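**Q**
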Amino acid sequence: MALLSVQDLSVKFKRRGLAPFDAVDGVSFDVEAGKIVGLVGESGSGKSVTSLAIMRLLPKRGNTIGGVVDFDGTDLLRIPMSQMRDKRGADLAMIFQDPLSSLNPVVPIGLQITEVLKRHRGMRGAAAENEARDLLDQVGIPDPTRRLHEYAHQLSGGMRQRAMIAMALACRPRLLIADEPTTALDVTIQAQILSLLDTLVHEHGTAMIMITHDLGVVAGLCDEVNVMYAGRTVERADRYEIYAHPQHPYTNGLLASIPRLDSPPGERLHPVPGSVSDNIPWASACAFAPRCSNAIGDCRQQSPEFKPAPVGRDHLLRCFNPVEPEAVGAAAVQQMATSPIPPPSNKEQLS
Amino acid sequence: MTEPQSPQEVPDRDRDSEVEAVESHEPTQQQRIKDLHVTDLGETEAASEAEIEAGEAGAAEASAATAGEDVLLEVNNLKVHFPIKRGVLFDRTVGYVYAVDGVSLAIKPGETYGLVGESGCGKTTLGRGILRLEEPTEGQVLFGGTDIASLTGEALRKERRRMQMVFQDPLGSLDPRQTVESILLEGMRAHGLVKDKAQANARLRQLLSDVGLPANSLRKYPHEFSGGQRQRIGIARALSVDPELIVADEPVSALDVSVQAQVLNLLADLQSERGLTYIVIAHDLAVVRHISDRVGVMYLGSLVEEAPSIDIYAEPLHPYTRALMSAVPVPDPVLEDTRERIVLRGDLPSPVNPPSGCRFHTRCPWRQPTLCDTERPVLTELKPGHRVACHYAAEIASGELKPNAEQLELV
Amino acid sequence: MVMDRKKERIDALAASGGSASTALLDSEDAKSGGGSIIADAWRRLRVSPVFWVGAIIVLLFLLLAIFADLIAPHDPGQLLLRSQTRLSRNQLAPPQPGFPLGGDLLGRDEFSRLVLGSRQTLLVGVFATAIGLAGGMILGTLAGAFGGVVDTVVMRVVDVMLSIPGLLLAISIAALFTTPSQWSVIIAVAVVQIPVFARLLRGQMLAQRGTDHVLAARALGVRRAPIVFRHMLPNSMSPVIVQATVVVAVSIIDAAALSFLGLGSQDVATPEWGQMLGEAQQKIDSYPALAFWPAGCIVVVALGFTLLGESLREALDPKNRR
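Protein chains in written order, with the working numbering: chain A, 1 to 351; chain B, 352 to 762; chain C, 763 to 1084.
#1: So what's B/K764 in DSSP terms, helix, strand or just coil?
#2: Does the beta-carbon distance from B/V592 to B/M539 come in below 8 Å?
#3: Residues of chain B with a CB under 8 Å from the CB of A/I141: which are they?
#4: State the DSSP-derived secondary structure class of A/W17, mapped to helix, strand or coil.
#5: Does C/E1076 come out as helix, strand or coil in the three-state DSSP assignment?
#6: May I have the straight-line CA-CA distance separating A/F21 from A/P281, to the nearest angstrom?
#7: Hey, would you say A/R133 sits closer than 8 Å to A/V234, going by beta carbons?
#8: Any beta carbon from chain B within less than 8 Å of A/M1's own beta carbon?
#9: Assign B/E412 to buried or exposed, taking buried as 16 or more other Cβ atoms, counted over all protein chains shown, within 10 Å of its Cβ.
#10: Candidates C/F861, C/S845, C/A952: which alpha carbon is nearest C/I893's?
#11: Can you tell me where the beta strand (DSSP E) with B/F494 in it begins and where it stops?
#12: Just mark B/P720 as buried or exposed, buried being the case when its beta carbon has 16 or more other beta carbons within 10 Å.
#13: How is C/F861 classed by DSSP in three states: helix, strand or coil?
#14: Excluding the 5 residues flanking A/G253 on each side, which residues of the same chain have their C-beta closer than 6 Å to its C-beta?
#15: Select from C/L1069, C/F1067, C/Q1037 the residue whose C-alpha is nearest the C-alpha of C/W1055.
#16: Can you check whether the CB of A/R16 is closer than 8 Å to the CB of B/P684?
#17: Do A/I95 and A/D223 have their C-beta atoms closer together than 8 Å?
#18: Could you spell out where the alpha helix (DSSP H) holding A/M159 opens and where it closes?
#19: Mind checking B/E751: buried by the 16 CB within 10 Å criterion, or exposed?
#20: Would you mind giving the Cβ-Cβ distance between A/A219 and B/E687, rounded to the nearest angstrom? I have them listed as a contact below 8 Å.
#21: How about A/V405: is its C-beta nearer than 8 Å to some C-beta of chain B?
#22: Please identify the residue among A/Q190, A/G67, A/A90 whose C-alpha is closest to the C-alpha of B/S470.
#23: Can you grab the Cα-Cα spacing for the pair A/S277 / C/V1010, in whole Å?
#24: Would you mind stating whether B/L629 and B/L618 have Cβ atoms separated by less than 8 Å?
#25: Could you check if A/P342 is buried or exposed, using at least 16 other CB atoms within 10 Å of its CB as the buried criterion?
#26: Counting only runs of 3+ residues fully inside the region 42–104 of chain A, write out the beta strand (DSSP E) ranges in chain order.
#27: Within the 8 Å Cβ cut-off, does B/E595 reach chain C?
#28: Buried or exposed: where does C/L832 fall if 16 or more other Cβ atoms within 10 Å of its Cβ makes it buried?
#29: Whether or not the region 868–888 of chain C and the region 836–845 of chain C are in contact is what I'm after, with contact meaning three or more pairs of Cβ atoms, one per stretch, closer than 8 Å; do they touch?
#30: Could you check if B/K548 is buried or exposed, using at least 16 other CB atoms within 10 Å of its CB as the buried criterion?
#31: B/A408 to C/V916, Cα distance in whole Å?
#32: Which chain B residues are close to A/D262, counting only those with a beta carbon under 8 Å from its beta carbon?
#33: Expressed to the nearest angstrom, what Euclidean distance is found between the alpha-carbon atoms of A/S51 and A/I109?
#34: Kindly indicate if chain B contains any beta-carbon less than 8 Å away from that of A/V98.
#35: To the nearest whole angstrom, what separates the beta carbons of B/L636 and B/L627, a pair I think is in contact under 8 Å?
#36: For B/E412, which of helix, strand or coil comes out of DSSP?
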């Protein structure tokens, strides 16, 4: 039994004078304790709205949320708001993209953490402060005693994100939702944060939802990958499977369109044509059809089902005409052969 | 130093007609600017000895990399320092942000030079300093033999036609109150490239089709386009004045992943059609390496390594480049699981108070006692075309030096 | 004769959309955007209830001002109801046939005074704003466009002006005129508003200076004047327009204060709302209605201009364009 089970989640935004907009359209996935599930997609894919809906952080007015968010036997969408507030922070915590705007600028970091400890764990005074110090230390903030009394603007971007993570971890949540946690950070800092998150999840048995647009981040971190497009999941598999046999033309297109550090420079990229604004509604077609190189007649007349892919294990796909997995696999193998192990080349010295 | 050089350089460039073929009125204008430049130099002869010497040192360094070859842009010991001002009634300068602190490089015509580094490393300021959108504190920017850094007034304005910029934020870089037509016409008007309405129209249409925008875009406003299309407008604007050099500052980082490749391919196509020279600035090493012929890695205001883009991946010599390279996520789980990762401790030091000696020594896993802390390494050519600023680059490459365990975290 | 000229001015203002600042902005945009911006703004204005409420209020008062002579039933200077007014016994002429609002403290027809007062009040409000806006825009543009020394000098002057309480400054300026008239009031009130506009515009211009699109224009080699007038100024005007509508209301109140202090027009035959409000203040306990009518008019006119300004700002904001 998964810790979190999202079933058929949908979020409709009302629009004045227009039909409601399906930001999230029947998304289902499970997250188990100690596992990281990735939601990957571009702007407008509904990945962030999904996380906000799970946390019930969407404004009440102007939208309708449907489906079930089962968290350890409780449907989060059906409990009273006061109960939900207790769950937030204690059982579920969230890390946002921009730590500067998510931290209170006029309250010291330490105080923000001890507040959470007081609210959810009933800790007081020195005990709370000690715990806060331990948390900062745990997320790798040097000199935590001094940092406790500093404000958000006195910390660097990486340190702020660590402070955010410390706050999220304050109540040892069982589910952590990270919404583009490293997008605003530099790559060297990103590597620090990702390795921190990886350790936390796998050591403490926390469940995590990782929301990102970066296929590279997902490849190294997530156990299961959900690729989202226009509010629906279009492909799901574990990370080895999905990168080895991407079968949805969108997933495949994304992988072909990003320059890779290990591919020869100057090689021509294969972009996905058009932009998100070209989408058509899912209701009676495939939303991706107008941008799809594999589109066939059915794609514009019927809505594809989410069902097992022709190739691969535990691989779900929403497509009438998937990309030939053999060809993809072969290309991947070939690429591996040309650049087997990345630098730094002096491996023996490092290990 | 520049005076004997410029008469040689300009005719050289004229003969190499790859770039000039597109532009009919080029030689006369260039001649005029050259003349202006010479008189300018005459006026500023009183410049301090030290400055000239510094410039010379940098120039020698830069030309070493491209000795005997044709050079379009040569940057000699460029420094851009921003004063930090405080004061109630009158502002006092209390310190400087050493955004760009002595950069020398040379770029050949038709080449793409990639500048990579993390936020705060000064790559954007360097790009703007080259375009003279930031005032250089010191140093030279020789563009086709003309020192951009010393031009003023009308001469500078005219010279701007030859070098353009593409911005990171496609919407913010387009005036929301102007139609695409007036955005594209503005630069052409400023440089007298509009002769009559018919010619202007034909030119606008050509520009639109060159960057892949529909012909009916002219009357629309920027907000009516998608992110990728807006970036195309930005590129069309840069092209509208027929530049030779385009500085693209994070041209794709604000775009959706699936659209990034469209813009990267467009930049590549335009380069081969028009013989453009690019400086591409980005934090994304994969993007930079993909599009560039040569890559320069910046750290805290200076270049730490410069190499052809194949070599920089195959054989990074500077410890910072190694760390940067190993931190870039690759969309391949098998590779991600197996590769060694150098996770750097700590953050970028403040450019207001850069560390003494090697700027990277505070975070460097290979740091050695004394020399790294006290002496700033200069960019030296370790292999043909591969320059690196590290005291111990050779020893690290040969495996003689090992990283300090406590500085290194393997994942 | 003088009246006619004033009417013309008011007409001209009405034709240009009710506020000088709008006319200015439109001309800026017309140059750059090829004229479609005005049409586009109008398309959105047409369906905006806020615009219509504001426009109708302003239009009604403009019509009232223009046709004041025809609407007012009596001569506002004549003491027609003097016999019913006994100030010593706290007795004012009550509303009666022909005198819908009764008489004022001296027995003059309150309604006629209100109607004719609209003329003076609107004139002061609109002209003071226009002059203040023009002066503020010149200073603000200079400071914002050139920066550096020009900016420092202009801003220090502005700071000094802002450090003196507005009304005190207006009084000092009005006192400089040997013969007080409504024009001395307008100028005194306008000068006080100059630093407000200058500071606001300069701040906006400086913010524009740092934007990528201005940087792009510089990189293109566009000359300074087009950068300032096509990019920086039009994109800085939105808050200035809103401020202008607020200033109309503030000017009316400031002018009232000056008239009340005897620094305004000494002509008792041409009433003015501020002056009326000042007079009513003496008897506010017994006759709140006397203060209510001119104060109410000032509030409604101010509201009208504010709504108009707000809807114009919305309509001219290119981000709202669809």
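In this text, a Cβ means the ideal position worked out from N, Cα and C, and glycines have one as well. Keep in mind the model is a prediction, meaning the values are calculated, not measured.
**A** Short version:
#1: With chain B represented from 352 up to 762, any question about residue 764 of chain B goes unanswered, as that position is not in the structure.
#2: As a first step, residue 592 of chain B is located in the second sequence; it is residue number 241 there, counting from the start. As a first step, residue 539 of chain B is located in the second sequence; it is residue number 188 there, counting from the start. Yes, Cβ-Cβ distance for B/V592 and B/M539 is below 8 Å.
#3: Counting from one through the first sequence, the residue named residue 141 of chain A turns up at place 141. In chain order: nothing, as chain B lies at least about 11 Å away.
#4: One-based indexing of the first sequence puts residue 17 of chain A at position 17. Note that residue 17 of chain A is Gly in the sequence shown here, rather than Trp. Coil at A/G17, not helix or strand.
#5: The residue given as residue 1076 of chain C occupies position 314 in the third sequence. C/E1076 falls in the helix class under three-state DSSP.
#6: Against the first sequence, residue 21 of chain A aligns to sequence position 21. Against the first sequence, residue 281 of chain A aligns to sequence position 281. Near 10 Å, if we compare the C-alpha coordinates of A/P281 and A/F21.
#7: Position 133 of the first sequence, counting from 1, holds the residue named residue 133 of chain A. Position 234 of the first sequence, counting from 1, holds the residue named residue 234 of chain A. No, they are not a contact pair.
#8: Counted from its first residue, the first sequence places residue 1 of chain A at position 1. So, not an interface residue.
#9: As a position in the second sequence, residue 412 of chain B is number 61, starting the count at 1. Its pLDDT being 46, under 50, B/E412 is placed unreliably in this model, and the coordinates cannot settle the point.
#10: Within the third sequence, numbered from 1, the residue matching residue 893 of chain C stands at position 131. That would be C/A952, whose Cα lies nearest to the Cα of C/I893.
#11: The count along the second sequence starts at 1 and reaches residue 494 of chain B at position 143. Element bounds for B/F494: 489–494.
#12: Within the second sequence, residue 720 of chain B is the residue found at index 369, counting from 1. Counting Cβ neighbours within 10 Å, B/P720 comes out exposed, since fewer than 16 surround it.
#13: On the third sequence, residue 861 of chain C is found 99 positions in, with the first residue counted as 1. C/F861 falls in the strand class under three-state DSSP.
#14: In the first sequence, the residue the question calls residue 253 of chain A occupies position 253. Cβ neighbours of A/G253 beyond the five flanking positions: V272.
#15: The residue given as residue 1055 of chain C occupies position 293 in the third sequence. For C/W1055, the nearest C-alpha among the options comes from C/Q1037.
#16: Here residue 684 of chain B refers to the residue found at position 333 when the second sequence is read from its first residue. Here residue 16 of chain A refers to the residue found at position 16 when the first sequence is read from its first residue. No, the Cβ-Cβ distance between B/P684 and A/R16 is not below 8 Å.
#17: What you label residue 95 of chain A is simply residue 95 of the first sequence in a count that begins at 1. What you label residue 223 of chain A is simply residue 223 of the first sequence in a count that begins at 1. Not in contact: A/I95 and A/D223 (Cβ atoms no closer than 8 Å).
#18: Within the first sequence, residue 159 of chain A is the residue found at index 159, counting from 1. Element bounds for A/M159: 157–169.
#19: Here residue 751 of chain B refers to the residue found at position 400 of the second sequence. Label assigned to B/E751: exposed.
#20: Position 219 of the first sequence, counted from the start, is the residue given in the question as residue 219 of chain A. Position 336 of the second sequence, counted from the start, is the residue given in the question as residue 687 of chain B. Confirmed, Cβ separation roughly 5 Å.
#21: Since the first and last residues shown for chain A are 1 and 351, residue 405 of chain A lies out of range.
#22: By 1-based counting over the second sequence, the position of residue 470 of chain B is 119. With distances taken between Cα atoms, B/S470 lies closest to A/Q190.
#23: What you label residue 277 of chain A is simply residue 277 of the first sequence in a count that begins at 1. What you label residue 1010 of chain C is simply residue 248 of the third sequence in a count that begins at 1. Between A/S277 and C/V1010, the C-alpha separation is close to 44 Å.
#24: Numbered from its first residue, the second sequence carries residue 629 of chain B at position 278. Numbered from its first residue, the second sequence carries residue 618 of chain B at position 267. This sequence places Tyr at residue 629 of chain B; Leu is not what is there. Their beta carbons are under 8 Å apart, which means B/Y629 touches B/L618 by this criterion.
#25: Taking the first sequence and counting its residues from 1, the one referred to as residue 342 of chain A is at position 342. For A/P342, the pLDDT reaches just 43, beneath the cut-off of 50, and the residue's location in the model is therefore unreliable, although a value from the coordinates is still provided. Flag for A/P342 reads buried.
#26: 63–71, 92–95
#27: Indexing the second sequence from 1 puts residue 595 of chain B at position 244. Closer than 8 Å: no.
#28: For the purposes of this step, residue 832 of chain C is taken as the residue at position 70 of the third sequence. Under this definition C/L832 is an exposed residue.
#29: yes
#30: Your numbering for residue 548 of chain B matches position 197 in the second sequence. Exposed, since its Cβ has fewer than 16 Cβ neighbours within 10 Å.
#31: If you number the second sequence from 1, residue 408 of chain B lands on position 57. If you number the third sequence from 1, residue 916 of chain C lands on position 154. Residue confidence is low: B/A408 scores 44 on pLDDT, short of 50, so the model does not pin down where it sits. No coordinate-derived value is stated.
#32: Taking the first sequence and counting its residues from 1, the one referred to as residue 262 of chain A is at position 262. Within 8 Å Cβ-Cβ: Y664, V681, D683, L686.
#33: The residue you call residue 51 of chain A lines up with position 51 of the first sequence. The residue you call residue 109 of chain A lines up with position 109 of the first sequence. Each residue's Cα considered, the two are about 25 Å apart.
#34: Translated into positions along the first sequence, residue 98 of chain A becomes position 98. Correcting the residue identity first, residue 98 of chain A is Asp in this sequence and not Val. Not one chain B Cβ lies under 8 Å of A/D98.
#35: Within the second sequence, the letter at position 285 stands for residue 636 of chain B. Within the second sequence, the letter at position 276 stands for residue 627 of chain B. No, B/L636 and B/L627 are not in contact; Cβ-Cβ is about 22 Å, not under 8 Å.
#36: Numbered from 1 along the second sequence, position 61 holds the residue referred to as residue 412 of chain B. Caution is warranted here: a pLDDT of 46 is assigned to B/E412, below 50, making its placement in the model unreliable, and no coordinate value can be reported.
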